[in-house]
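Notes to accompany the following structure.
Residue numbers (my numbering): 3 to 103.
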């Protein structure tokens with residue numbers, strides 16, 4: 003069964019290649035605990051139909067999809083991204099004080 007998850011924060015890798023800029027994505031479970039997975043795990047989950055991810059920006063919903071770089075590398079992007087603006091990269095960095103995992 004496919005489940006929907008809102009991405010609320012990311013962990014940036016510090017790398018510049020479009021397919022390597024995001025190390026992890028994360029969010030908040032209904033019980034208030036946090037979750038995080040690697041970009042690679044998220045891509046596998048999207049492609050297998052296990053997960054649907056989305057973000058909200060200015061109260062607008064945007065599905066997160068798998069994109070392919072000019073070098074044929076897969077990465078996550080929001081459907082509402084345009085030109086070089088990555089809405090995922092505008093999300094807050096993983097909150098300090100929270101444990102990953």
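For every residue, glycine included, the Cβ atom is placed at its ideal position computed from N, Cα and C.
So is residue i buried or exposed if we call it buried at 16+ other beta carbons inside 10 Å?
i: residue 70; result: exposed
i: residue 74; result: exposed
i: residue 63; result: exposed
i: residue 49; result: exposed
i: residue 41; result: buried
In terms of residues, what are the limits of the alpha helix (DSSP H) holding residue i?
i: residue 22; result: From DSSP, residue 22 is part of no alpha helix (DSSP H); its letter is neither H nor E.
Within its chain, find whatever has a CB closer than 6 Å to the CB of residue i; leave out the 5 residues flanking it on each side and keep chain order.
i: residue 2; result: In the structure displayed, the chain extends from 3 to 103; residue 2 sits before or after that span and is not available.
i: residue 65; result: 56, 81
Between residue i and residue j, how many whole angstroms is the CB-CB distance? I'm expecting something under 8 Å.
i: residue 92; j: residue 44; result: Their Cβ separation, rounded to whole angstroms, is 17 Å, which puts residue 92 and residue 44 out of contact at 8 Å.
Which residue marks the beginning of the beta strand (DSSP E) containing residue i, and which one marks its end?
i: residue 12; result: 11-14
Whose C-beta lies closer than 7 Å to the C-beta of residue i among residues of the same chain, with five residues either side of it excluded?
i: residue 30; result: 10, 36
i: residue 15; result: 22, 23, 24, 25
i: residue 6; result: 54, 56
Got a sec? Which residues, its chain only, sit under 8 Å from residue i by beta carbon, not counting five neighbours each side?
i: residue 17; result: 23
i: residue 67; result: 48, 78, 79, 80, 81
Within the stretch 32-103, ranges of the alpha helix (DSSP H) (whole runs, at least 4 residues)
41-50
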